[in-house]
Amino acid sequence: MLEIRGLTIRTDGRDLVRDLSLCLPGSGITALIGASGCGKTSVLKWLAGILPPGMQSDGQLLLDGARIAPPDPALCYQPQSDALFPWLTITENATLGLEIAGAAKREARAKILPLFAPFGLAGCEGLFPSQLSGGMRQRAAFLRTIVQDSRFVLLDEPFSALDAVTRIRMQDWLLARLAERPRGVLLVTHDLHEATGIADRILVMAGGPGRIIADIPVTTPQIQRNEAALAELRETLKSLLLKESPQ
Amino acid sequence: MLLRILPTLTLGLLLLAGWEVYCLLAGVSPLILPPPSGVVRALLLNRSEIGAHAASTLAVASFGFSLSVIFACLISVALHFTPWAERGLMPLFVISQTIPLVALAPLMILWFGFGLLPKVLLVVLVTFFPMLLSLLSGYRQTPGAFVDLLASMGAERWAIFRRATLPSARASFLAGLRISATYAIVATIFAEYAGARRGLGIYILSAKNNFRADLVLSAVVVSAVLTLTLLGAIRLVDRMTAKGPEARRDA
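If you're matching them up, the sequences are chains A and B in order. When we follow our numbering, the leftmost residue of the first sequence carries the number 1, and every step to the right adds one. When we follow our numbering, the leftmost residue of the second sequence carries the number 248, and every step to the right adds one.
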């Protein structure tokens with residue numbers, strides 16, 4: 001289990017996030033939703049160890065009760081864009097995390113190549129990102145993230161740049177991959193449909209300063225999640241967000 | 248390829264034809280304005296002499312330019328990792344660009360003689376700054392998501408620089424390289440003009456003193472060819488080292 005204790009993030013003399021605490025289980029998707037500027041991306045960046053230089057933070061991060069300092073190999077981060085390096089092939093992009101962790105090029109390739117087919121990227125090994133569609137690029141970015149074998153995955157609006165159809169396909173695809181290799185996922189999103197559609201639990205954040213105002217489990221089984229079944233939950237989330245967001 | 252250079256070629260030929268016709272009809276003395284055909288004739292007749300001077304100019308320019316590239320790369324990396332040094336040194340580099348070459352070139356000859364050193368120093372002085380600026384600007388264009396991604400993977404500053412910052416600056420570096428290459432030949436000729444034993448600069452000075460406008464213009468044509476040769480070499484390196492979308496840009 002991953003636990004954040006008493007996280008405060010400051011910038012320009014004001015608290016962006018104040019005394020935030022939460023626990024992430026070792027499997028399942030936890031969605032973090034909230035209005036723009038409430039600090040949810042800052043929380044994610046703090047977890048990833050990439051808080052911008054102008055921000056200061058206080059707080060503890062514990063993995064199974066032991067204190068860790070981000071960035072930690074137990075957590076891997078996927079930014080909002082796919083962040084695939086245009087001058088590297090998909091294979092070279094996918095092995096980046098492994099190489100930085102100290103794996104030799106050959107060893108990293110040997111680990112990554114068998115995963116191309118399950119990730120729907122067979123035949124793309126030697127291609128460059130600009131030669132792939134949006135969905136394929138996103139799958140390549142997931143491959144780079146998943147292959148790092150971290151216990152927790154931090155996703156910053158990973159589907160926001162995709163069209164509606166590709167987004168739905170990618171969400172289903174992500175659920176299937178997580179079913180194969182369970183991880184704890186913290187998903188930052190603006191999209192209530194995405195949060196209610198794929199998350200097992202939804203944390204609602206409010207701003208000024210950032211804090212969690214609701215922790216709602218999504219108990220409806222995946223197979224039964226449709227518009228009607230989730231309508232009430234979405235209404236609850238919508239009213240919570242509207243109540244906490246100034247006009 | 249032919250289609251791409253067709254407008255330039257057509258415009259160039261039209262200008263040359265206009266120049267030739269003007270000389271023919273206006274009866275201008277060739278001592279003042281030789282026609283293009285006269286320039287070509289002078290170039291062909293004196294090709295071995297001009298060729299020898301051009302080779303000397305190209306050697307000096309290439310050496311100075313190469314040194315400049317190495318310095319610019321090393322100093323840009325040092326400045327990237329020490330922002331306080333960049334803040335302190337950049338004004339000095341800017342001031343160095345305000346020194347008129349016309350004042351500096353003779354002083355360089357006076358201080359360092361007629362050898363290679365003053366000419367190389369002038370080429371470095373002129374070509375270093377555009378390259379340094381383009382490198383630093385290229386480093387700053389690194390997408391934040393690339394840096395964040397590598398940092399979240401635990402990459403150290405040097406690894407982030409090597410894997411994301413340096414490749415991101417490639418296009419900017421090549422643009423600076425092209426600008427500096429055009430300055431390199433001009434700076435060498437200027438340095439030779441101030442004082443040298445060989446080179447197009449001293450050849451132009453001697454031709455001017457002998458009222459041989461046709462030879463002066465022949466040397467100008469050769470200097471343009473030398474600049475285009477340097478630019479061609481850079482383009483070749485660009486194509487040979489391009490990866491991904493850049494490699495297919497001209498395909």
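Note that the Cβ used here is the ideal one computed from N, Cα and C, for glycine as well.
V188 of chain A, enclosing beta strand (DSSP E) - first and last residue | Position 188 of the first sequence holds residue 188 of chain A. First-last of the beta strand (DSSP E) with V188 of chain A: G184 to V188.
Would you report the Cα separation of W87 of chain A and G285 of chain B, rounded to the nearest angstrom?
-> Here the question's residue 87 of chain A lines up with position 87 in the first sequence. Here the question's residue 285 of chain B lines up with position 38 in the second sequence. Each residue's alpha carbon lies about 50 Å from the other.
Quick one: is Q264 of chain A buried, meaning 16 or more other Cβ sit within 10 Å of its Cβ, or exposed?
-> As shown, chain A starts at 1 and ends at 247. That puts residue 264 of chain A outside it, with no answer to give.
Does the Cβ-Cβ distance between E99 of chain A and A110 of chain A come in under 7 Å?
-> By one-based count along the first sequence, residue 99 of chain A stands at place 99. By one-based count along the first sequence, residue 110 of chain A stands at place 110. Contact flag unset, no.
Proximal chain B residues relative to F159 of chain A, where beta-carbon distance stays under 8 Å | In the first sequence, residue 159 of chain A corresponds to position 159, counting from 1. None at all; the shortest Cβ gap to chain B is about 15 Å.
Members of the segment 410 to 434 of chain B that neighbour chain A once the beta carbon cut-off is set at 9 Å = R410, A411, P414, S415 and R417
Put R410 of chain B into one of helix, strand or coil per three-state DSSP.
-> By 1-based counting over the second sequence, the position of residue 410 of chain B is 163. In this structure, R410 of chain B counts as helix in the three-state DSSP scheme.
Determine the burial state of R409 of chain B: buried for a count of at least 16 other Cβ atoms within 10 Å of its Cβ, exposed for fewer.
-> The residue given as residue 409 of chain B occupies position 162 in the second sequence. R409 of chain B is exposed by the Cβ-count criterion.
Got a sec: is the Cβ-Cβ distance from L382 of chain B to anything in chain A below 7 Å?
-> Taking the first residue of the second sequence as position 1, residue 382 of chain B is located at position 135. Chain A, which has no Cβ nearer than 7 Å to the Cβ of L382 of chain B, makes this no.
Would the beta-carbon of A441 of chain B fall within 7 Å of that of P353 of chain B?
-> What you label residue 441 of chain B is simply residue 194 of the second sequence in a count that begins at 1. What you label residue 353 of chain B is simply residue 106 of the second sequence in a count that begins at 1. The answer is yes: Cβ separation under 7 Å.
Quick one: any contact between the segment 455 to 471 of chain B and the segment 264 to 283 of chain B, if contact means 3 or more CB pairs under 8 Å?
-> yes
By Cβ distance below 6 Å, which residues in the same chain neighbour D82 of chain A in space, the five residues on each side in sequence not counted?
-> Within the first sequence, the letter at position 82 stands for residue 82 of chain A. The residues are R137, Q138 and A141.
Uninterrupted beta strand (DSSP E) stretches inside the segment 441 to 487 of chain B (no shorter than 3 residues) = none
In chain A, which residues lie less than 9 Å from G385 of chain B when you measure between Cβ atoms?
-> One-based indexing of the second sequence puts residue 385 of chain B at position 138. Under the 9 Å cutoff, chain A gives no residues; its nearest Cβ is about 13 Å from G385 of chain B.
Counted within 10 angstroms of its Cβ, other Cβ atoms place P52 of chain A as buried (16 or more) or exposed = For the purposes of this step, residue 52 of chain A is identified with residue 52 of the first sequence, where counting begins at 1. The residue is exposed, with fewer than 16 neighbouring Cβ atoms inside 10 Å.
Identify whether C270 of chain B lies in helix, strand or coil by the three-state DSSP scheme.
-> By 1-based counting over the second sequence, the position of residue 270 of chain B is 23. Reduced to three states, the DSSP call for C270 of chain B is helix.
Cut-off 8 Å between Cβ atoms - residues of its own chain near Q171 of chain A, not counting five sequence neighbours on either side | What you label residue 171 of chain A is simply residue 171 of the first sequence in a count that begins at 1. Cβ neighbours of Q171 of chain A beyond the five flanking positions: F159, E194, G197 and I198.
Determine whether the Cβ of M400 of chain B lies closer than 7 Å to any Cβ atom of chain A.
-> Stepping through the second sequence from its first residue, residue 400 of chain B is reached at position 153. Chain A contact via Cβ: present.
Could you give the residue range of the alpha helix (DSSP H) that holds P365 of chain B?
-> Along the second sequence, read from residue 1 onward, the residue named residue 365 of chain B stands at position 118. First-last of the alpha helix (DSSP H) with P365 of chain B: L363 to R387.
Contacting residues, own chain, Cβ-Cβ under 8 Å from L130 of chain A (five flanking each side not counted) | Position 130 of the first sequence holds residue 130 of chain A. Reading off the sequence shown, one finds Ser at residue 130 of chain A, where the question assumed Leu. These residues qualify, in order along the chain: P86.
According to a CB-to-CB cut-off of less than 8 Å, which residues of the segment 34 to 62 of chain A neighbour chain B?
-> K45, A48, G49 and I50
Residues of its chain near G446 of chain B, where Cβ-Cβ distance is below 6 Å and the 5 sequence neighbours each way are ignored | As a first step, residue 446 of chain B is located in the second sequence; it is residue number 199 there, counting from the start. Contacts found: H300, S303, T304 and E439.
Is the CB of L326 of chain B under 7 Å away from at least one CB in chain A?
-> Numbered from its first residue, the second sequence carries residue 326 of chain B at position 79. For L326 of chain B, the answer is no, since every Cβ of chain A falls outside 7 Å of its Cβ.
Distance between R151 of chain A and P182 of chain A (C-alpha atoms, nearest Å) = Position 182 of the first sequence, counting from 1, holds the residue named residue 182 of chain A. Position 151 of the first sequence, counting from 1, holds the residue named residue 151 of chain A. Whole-angstrom Cα-Cα distance: 8 Å.
So with Cβ pairs under 7 Å, would you call A257 of chain A a contact of chain B?
-> Outside the shown range of chain A, which is 1 to 247, sits residue 257 of chain A, and nothing can be said about it.
Measuring only between beta-carbons, confirm whether A332 of chain B sits less than 7 Å from chain A.
-> Walking along the second sequence from the start, residue 332 of chain B turns up at place 85. Judged by the 7 Å Cβ criterion, A332 of chain B is not in contact with chain A.
Please decide whether P114 of chain A counts as near chain B, where near means a Cβ-Cβ distance under 7 Å.
-> Here the question's residue 114 of chain A lines up with position 114 in the first sequence. By this cut-off, P114 of chain A is not an interface position.
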